[in-house]
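Using our numbering, the letters of the sequence shown correspond one by one to residues 1 to 162.
Each residue gets a CB set at the ideal place from its N, CA and C atoms; glycine is no exception.
What follows is a single structure, written as structure tokens, with notes after it.
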Amino acid sequence: RGLAAAHAAGLIHRDFKPANVLVATEGAVKVLDFGLARAVDSPSPEALAPLRAAASTSLDTALTRTGTVLGTPAYMAPEQHLGEPATEKSDQFAFCVSLYEALYGQSPFDTSSLLALTHSVTQGQVRDPPASAAVPAALLQIIHRGLSLDPARRFPAMTDVL
């Protein structure tokens with residue numbers, strides 16, 4: 001609900017990932033680190049150039065270019081990997097990557113290198129979940145829709161995911 005509330009307030013998180021989620025002692029889930037957030041209608045400098053893979057770049061570290069943080073590659077949507085501006089649907093994609101990881105214990109994409117990750121994300125190559133996973137098919141369908149290559153095929157809003 002944290003991302004849905006941010007979107008309702010006109011904000012895009014741009015770096016949603018498990019490290020930015022806190023479960024409080026009473027069980028409330030909090031979305032943290034809005035340092036990269038921007039208003040929905042504000043110009044996005046990340047459209048300057050496509051992301052360039054670097055062998056030494058970590059998959060779970062936020063990247064910067066000319067002082068602009070683009071996001072964390074392992075959770076970035078295809079459009080972000082291609083240098084396009086992040087939107088609410090990019091946050092939705094990152095949420096679904098995180099949910100897939102929480103349910104299956106692995107990324108939905110090839111994370112053997114940044115280049116492999118970028119390729120699998122931008123080609124929409126989502127891994128099949130482990131056969132031993134006991135996750136309802138309806139939940140997997142929600143995740144797959146949220147991980148759609150085309151943002152228009154994702155849910156209209158985070159509230160629809162929930």
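Separation of G10 from S112, as counted between CA atoms
35 Å
Let me confirm a value: T72 is counted as buried when at least 16 other C-beta atoms fall within 10 Å, else exposed. Which label applies?
buried
With F93 as the anchor, note down where its alpha helix (DSSP H) starts and where it stops.
88-104
What residue from E26, R145, D150, A152 has the CA that sits closest to F95's CA?
R145
What residue range is occupied by the uninterrupted alpha helix (DSSP H) comprising M158?
158-161
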